[in-house]
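Written out below as structure tokens is the structure these notes cover.
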Amino acid sequence: MKIYCCEEHVELALDIIVDECEAAPILQKLDGFPQMKCGYCEKEAIYLVDSE
Ligand SMILES: [Zn+2]
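Position in the sequence shown counted from 1, then plus 38, gives you the working numbering.
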């Protein structure tokens, strides 16, 4: 499971990964390309939260 998220929604994304995957989330900072939108708002994603 992968969730793209902005600074504002990173904690929400981490919580969702923990709840739904019951795994430790991996937080990865994006370099700005390819430009992805946050999964929860219209802002540009800054992080990718992934499960193992
Ligand atoms: Zn957001």
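A virtual CB, placed ideally from N, CA and C, is assigned to each residue, including glycine.
Contact under 8 Å by Cβ, residue i with residue j
i            : j             : result
valine 87    : alanine 51    : yes
tyrosine 85  : valine 56     : no
glutamate 58 : methionine 74 : no
glutamate 82 : cysteine 43   : no
Per DSSP, cross-strand counterpart(s) of residue i
i             : result
glutamine 66  : Leu86
isoleucine 41 : Val87
lysine 75     : Glu82
Contacting residues, own chain, Cβ-Cβ under 6 Å from residue i (five flanking each side not counted)
i             : result
isoleucine 41 : Ala51, Gly77, Val87
glutamate 90  : Ala61
Nearest to residue i (by Cα), restricted to the options the options
i            : options             : result
glutamate 46 : Leu68, Glu90, Cys79 : Cys79
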